[in-house]
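Colleague: Each residue of the sequence shown is one higher than the one before, counting from 136 in this note's numbering.
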Amino acid sequence: MRIYLFGFCKRVVSCCSKQFFFFWFLTFQNAMAVLLISYTQERQLAAGAERFAVMHAVLIQEAIKFIVSFAWCVIDVWRYVREHAIERNEKELILDRLDEMQPLPIKVNTDSDVLRSSYLSNSEEINCKDNLLDASFQFPASKTPGRWRLFKNGIVSELFHPSAFRMLLPALLYGFQNCCVYLALANIEPTLFQVTYQSRIIITAVFMSVFLGRCFLFRQWVALVVLALGVSVAQLGDRTASGAERSPEGSFKGDYTVGIVATILSATTSSAASVIMESFLKSRSSSMSLFTSTKNLHLALHSVLCFAVFQALNGSLGGFTESSNASFIDAVRNYFRGFDGLVWVMLVVQAIGGLLVAVVIKYSDNIVRTFAAVISIALSGLCSSYLYAFCPSATFLVGNSLSIGAIVVYNF
């Protein structure tokens with residue numbers, strides 16, 4: 136009895152870990168983001184209102200992510216400086232005391248030199264263990280630099296780290312994926328998108344096996360195949376149910392084929408970018424010794440620059456390129472056409488989701504991340520039945536059951 140009680144308590148404690156917290160946080164974020172993206176576009180279409188430009192929304196989303204990542208990076212650097220500056224100042228004070236010691240008549244100079252050299256060797260050994268403190272932050276030559284100076288040096292070294300350019304490739308992939316998500320949710324229902332999008336778990340597993348050398352058990356591969364089968368069955372069930380009568384404000388008038396193709400492209404690019412990001416986030420190389428917040432900052436910065444350049448070349452910067460005589464206020468208003476309060480909430484939720492993905496990948500892996508999205512199917516399906524009068528068929532329910540059952544088999 137005690138053994139079972141101990142095992143139960145151990146499992147409860149493990150459920151309270153930060154991995155578990157971020158996993159469920161990402162699950163709810165996935166469900167909320169999908170519903171918001173779909174509902175905002177369908178609401179504007181049903182009301183005959185002017186719709187926001189997808190490319191503009193993606194750019195603003197990445198800009199929000201950049202701002203949040205910068206604030207996160209500032210907090211990380213300040214916490215690190217505050218925790219380590221005291222230790223470093225204590226070392227400097229001891230060295231100063233040794234310099235101020237008066238020489239004694241009996242060969243104290245040699246002993247002092249030995250003591251000082253011994254302390255310096257110990258000090259160097261401690262500093263070698265702290266690469267980020269001595270290498271990345273680049274402390275000035277002054278004896279006891281202030282915290283503010285150390286903080287500024289830390290921010291500069293983090294922002295202009297040579298590894299920043301490595302984030303360009305995943306930034307391009309994530310940017311293309313975001314465009315595909317908006318295109319897909321403008322043509323198919325959120326629940327169908329969620330289920331079809333889970334095909335990325337197989338794509339991610341293949342990429343992890345090929346590029347990261349990850350080994351999966353036979354039972355886990357079987358679970359992935361069952362998951363793919365469940366996704367297909369649920370898709371057929373939703374296709375049958377989509378012919379049912381829907382409420383006028385919740386009916387879709389998009390192209391089903393375009394929505395499915397956009398979803399598959401989104402899943403593929405997301406898997407590729409996630410595997411690349413996992414290799415960066417878990418890298419122990421000195422060239423990648425950055426905070427997770429800094430890597431997200433570089434990723435968001437590259438995304439913002441890529442989308443801004445693309446929109447400038449494509450002539451889709453709204454009022455900024457339509458007329459040279461237009462005032463700046465009119466240009467801003469023209470660029471943000473269709474951006475109401477709910478759209479801004481959607482963009483913030485999407486930006487937070489990008490940061491959550493990085494944290495989950497850092498402490499777990501990409502498979503756990505995709506599991507969070509699969510579990511969010513039930514949440515989005517429940518809300519979709521209310522928003523779009525969606526009545527799931529028996530086939531759809533069987534497909535969902537197979538998908539969720541595959542997750543259980545994979546983990547246990």
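Glycine residues also receive a C-beta, built at the ideal position from the N, C-alpha and C atoms.
Does the distance from the CB of Y408 to the CB of F201 come in under 7 Å?
Modeller: Numbered from its first residue, the sequence shown carries residue 408 at position 273. Numbered from its first residue, the sequence shown carries residue 201 at position 66. A quick correction: the sequence has Ala, not Tyr, at residue 408. Contact flag unset, no.
Colleague: Per DSSP, what kind of secondary structure is N313 in: helix, strand or coil?
Modeller: If you number the sequence shown from 1, residue 313 lands on position 178. If DSSP states are grouped into helix, strand and coil, N313 belongs with the helices.
Colleague: Between A340 and the rest of its own chain, which residues show a CB-CB distance below 6 Å, the 5 nearest in sequence each way excluded?
Modeller: Reading the sequence shown from its first residue, position 205 is the one you call residue 340. Cβ neighbours of A340 beyond the five flanking positions: L359.
Colleague: Looking only at its own chain, which residues have a Cβ that is under 6 Å from the Cβ of L161, when we skip the five neighbours before and after it?
Modeller: If you number the sequence shown from 1, residue 161 lands on position 26. Correct list, in chain order: L491, V495 and A507.
Colleague: Once the 5 residues before and after L307 are set aside, which same chain residues still bring their CB inside 7 Å of it?
Modeller: Here residue 307 corresponds to residue number 172 of the sequence shown, with the count starting at 1. Result list for L307: C441, in chain order.
Colleague: When the cut-off is 7 Å and only beta carbons count, does L482 lie next to chain B?
Modeller: In the displayed structure, chain B is absent; only one protein chain is listed.
Colleague: Do you know how far the Cα of F311 is from the Cα of E413?
Modeller: The sequence position of residue 413 within the sequence shown is 278, counting from 1. The sequence position of residue 311 within the sequence shown is 176, counting from 1. Each residue's alpha carbon lies about 19 Å from the other.
Colleague: State buried or exposed for K278, treating a residue as buried only when at least 16 other CB atoms are found within 10 Å of its CB.
Modeller: Here residue 278 refers to the residue found at position 143 of the sequence shown. Note on K278: pLDDT 44, under 50, position unreliable in the model; the coordinate value appears next. Classification for K278: exposed.
Colleague: Between F346, H219, S344 and F300, which lies nearest to G289 when the distance is taken from Cα to Cα?
Modeller: For the purposes of this step, residue 289 is identified with residue 154 of the sequence shown, where counting begins at 1. Comparing Cα positions, the closest option is H219.
Colleague: Return the residue from the list I487, T427 and V357 that minimises the CA-CA distance to N546.
Modeller: Position 411 of the sequence shown, counted from the start, is the residue given in the question as residue 546. Among I487, T427 and V357, the Cα nearest to that of N546 belongs to V357.
Colleague: If you draw a straight line from the C-alpha of G540 to the C-alpha of D211, how long is it?
Modeller: Start at 1 with the first residue of the sequence shown, and residue 540 comes out as number 405. Start at 1 with the first residue of the sequence shown, and residue 211 comes out as number 76. Computed Cα separation, rounded: 39 Å.
Colleague: At what residues does the alpha helix (DSSP H) containing G534 begin and finish?
Modeller: Start at 1 with the first residue of the sequence shown, and residue 534 comes out as number 399. Start and end: A529 to N546.
Colleague: How is the alpha helix (DSSP H) around I395 delimited, first residue to last?
Modeller: Position 260 of the sequence shown holds residue 395. Note, I395: alpha helix (DSSP H), Y391 to L416.
Colleague: When the Cα of V365 is compared with those of I199, I542 and E177, which residue comes out closest?
Modeller: Position 230 of the sequence shown, counting from 1, holds the residue named residue 365. Just to set this straight, residue 365 is Gly in the shown sequence, not Val. Of I199, I542 and E177, the residue nearest in Cα terms is I542.
Colleague: Please identify the residue among G516, A192 and L303 whose C-alpha is closest to the C-alpha of A369.
Modeller: Translated into the one-based positions of the sequence shown, residue 369 becomes position 234. That would be G516, whose Cα lies nearest to the Cα of A369.
Colleague: How long is the line joining the alpha carbons of S406 and V361, rounded to whole angstroms?
Modeller: Along the sequence shown, read from residue 1 onward, the residue named residue 406 stands at position 271. Along the sequence shown, read from residue 1 onward, the residue named residue 361 stands at position 226. Cα to Cα, the separation comes out at about 19 Å.
Colleague: Which residue marks the beginning of the alpha helix (DSSP H) containing E177, and which one marks its end?
Modeller: Indexing the sequence shown from 1 puts residue 177 at position 42. Its alpha helix (DSSP H) spans residues K153 to A182.
Colleague: Whole angstroms are fine: how far does the CA of A192 sit from the CA of N313?
Modeller: Sequence index remark: in the sequence shown, residue 313 carries index 178 (1-based). Sequence index remark: in the sequence shown, residue 192 carries index 57 (1-based). Approximately 10 Å, taken between the alpha carbons.
Colleague: With a Cβ-Cβ cutoff of 7 Å, do A197 and V439 count as a contact?
Modeller: Here the question's residue 197 lines up with position 62 in the sequence shown. Here the question's residue 439 lines up with position 304 in the sequence shown. Looking at the sequence provided, one finds Glu at residue 197 rather than Ala. Yes, Cβ-Cβ distance for E197 and V439 is below 7 Å.
Colleague: Exposed or buried, which one is E185 when buried takes at least 16 other CB atoms within 10 Å?
Modeller: On the sequence shown, position 50 is the one that residue 185 refers to. Flag for E185 reads exposed.
Colleague: Can you tell me the Cα-Cα spacing of A529 and S536, whole angstroms?
Modeller: By one-based count along the sequence shown, residue 529 stands at place 394. By one-based count along the sequence shown, residue 536 stands at place 401. Cα to Cα, the separation comes out at about 10 Å.
Colleague: What separation, rounded to the nearest whole angstrom, lies between the Cα atoms of Y317 and G534?
Modeller: Within the sequence shown, residue 317 is the residue found at index 182, counting from 1. Within the sequence shown, residue 534 is the residue found at index 399, counting from 1. Their backbone Cα atoms lie some 24 Å apart in a straight line.
Colleague: Residues in its own chain within less than 8 Å of K497 by CB, not counting five upstream and five downstream?
Modeller: Residue 497 sits at position 362 when you count from the first residue of the sequence shown. These residues qualify, in order along the chain: L416, K417 and T427.
Colleague: Counting only the same chain and skipping the five closest in sequence on each side, list residues whose C-beta sits under 8 Å from that of C315.
Modeller: To locate residue 315, count along the sequence shown from 1; it is residue 180. Counting only Cβ-Cβ distances below 8 Å, and skipping sequence neighbours, we find A397, T398, L400, S401 and T404.
Colleague: To the nearest angstrom, report how far apart R504 and F158 are at their CA atoms.
Modeller: Reading the sequence shown from its first residue, position 369 is the one you call residue 504. Reading the sequence shown from its first residue, position 23 is the one you call residue 158. Approximately 7 Å between the Cα atoms of the pair.
Colleague: If we ignore side chains and look at the alpha-carbon of each, how far apart do Q355 and A321 end up?
Modeller: The count along the sequence shown starts at 1 and reaches residue 355 at position 220. The count along the sequence shown starts at 1 and reaches residue 321 at position 186. For Q355 and A321, the distance between alpha carbons rounds to 34 Å.
Colleague: Got a sec? Which residues, its chain only, sit under 6 Å from I195 by beta carbon, not counting five neighbours each side?
Modeller: For the purposes of this step, residue 195 is taken as the residue at position 60 of the sequence shown. L482.
Colleague: Smallest Cα separation from V209: which of F445, H433, S520 and T429?
Modeller: For the purposes of this step, residue 209 is identified with residue 74 of the sequence shown, where counting begins at 1. Minimum Cα distance to V209 is reached at T429.
Colleague: Can you name, in chain order, every residue of its own chain whose Cβ lies under 7 Å from the Cβ of P305, other than the five neighbours on each side?
Modeller: Reading the sequence shown from its first residue, position 170 is the one you call residue 305. Taken in chain order, the residues that qualify are A408, I411, M412 and L434.
Colleague: Below 8 Å CB to CB, which residues in the same chain sit around D390 once its five sequence neighbours on both sides are set aside?
Modeller: Within the sequence shown, residue 390 is the residue found at index 255, counting from 1. Result list for D390: N322, in chain order.
Colleague: If we ignore side chains and look at the alpha-carbon of each, how far apart do S538 and V393 end up?
Modeller: Along the sequence shown, one-based indexing puts residue 538 at 403. Along the sequence shown, one-based indexing puts residue 393 at 258. For S538 and V393, the distance between alpha carbons rounds to 24 Å.
Colleague: Mind checking which residues open and close the alpha helix (DSSP H) that includes L425?
Modeller: Counted from its first residue, the sequence shown places residue 425 at position 290. Premise fails: L425 is in no alpha helix (DSSP H) and is neither H nor E.
Colleague: With a 10 Å radius around its C-beta and 16 neighbouring C-beta atoms as the bar for buried, classify I464 as buried or exposed.
Modeller: Taking the sequence shown and counting its residues from 1, one reaches residue 464 at position 329. It is exposed - the Cβ of I464 has fewer than 16 other Cβ atoms within 10 Å.
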